[in-house]
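Residues in the sequence shown are numbered from 38 upward in steps of one, following the working numbering.
For each residue, glycine too, the CB sits at the ideal point set by N, CA and C.
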Amino acid sequence: MCCMLMREMRGKLILIEGLDRTGKTTQVDALAERLRGCGLKVVAAKFPNRESEIGQLINRYLTNRDFQLPDQAVHLLFSANRWEYIEELKRQLNDGYCVVLDRYVFSGVAYSAAKGTPGMDLQWCLQPDKGLLKPDLTLFLTNEDSESIANRAGFGEERYEDSDFQLKVKQKFHEAFDAYCQEGELRTVNVTGKGIEQVSAEIWDVIEPLLHETRATNEFKYF
Ligand code: TMP
């Protein structure tokens, strides 16, 4: 009932972004299930993809603080990890799959720019991702304070899970959205104090109208 119009067009590219431990992966899975329930073909993909060889290096960097790499090199690895998937992503969308991404270019820009490394401003950070696909809609899961992130289970296990750093990342996310999102391409969902079901319902309220959009959307948009 909800999605008949989408079948004639390429699938939508939906991105869920957010700070660490804001429940992105849970919400990506829930959204994918709900879209499937509408009869859509759906793929969910997570970045970094830790399965590929590049992804394994990234995983080593994130989980082992003794593994040192220059910030520029790490940034390029994350970008390369997205480029590994580009042809498959285009094929999936052209085949009518709705693709739900768990992190993408905005995470790449925000986390690297938040390090404050000389020369690594937003523009520098976006450069290697230029030419990747721009999502039809980005949902940003955010919270009002760093404590609500720090209290989440597992926080602190990986390299970037530090409250002060997360606040810098949050700021950079906003700068990146201001710089690279056009009107209507971004929606923010505040997850503070909300349960999984409530956040899912708020996300669905944003996504459902997108499924009824009649505008031709076969053209890809690029960063
Ligand atoms: P995850 O916890 O969603 O698997 O993400 C792993 C970490 O990698 C998280 O702290 C965000 C960070 N990250 C980057 O620094 N650059 C990127 O391009 C991406 C996709 C993630």
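One thing to note: Gly-55 has its Cβ no nearer than 7 Å to the Cβ of Leu-248.
In this structure, Asp-173 sits away from Lys-78, with a CB-CB distance that is not shorter than 7 Å. Following the DSSP letters along the chain, one finds Leu-130 inside the alpha helix (DSSP H) bounded by residues 123–131.
Shown here for Leu-114: same chain residues with a beta carbon closer than 7 Å to its own, the five before and five after excluded, namely Ile-91, Leu-94 and Ile-95 in chain order. Contact between Ile-53 and Asp-139 is confirmed by a C-beta separation of about 6 Å, below the 8 Å threshold. For Leu-248, the uninterrupted alpha helix (DSSP H) run begins and ends at 233–248, by DSSP. With a cutoff of 6 Å, Ser-144 counts as near the ligand TMP, since its C-beta is closer than that to a heavy atom of the ligand. In terms of side-chain proximity, the C-beta atom of Phe-84 is found nearer than 6 Å to a non-hydrogen atom of the ligand TMP. Cβ contact annotation for Trp-161 (same chain, cutoff 7 Å, sequence separation greater than five): none.
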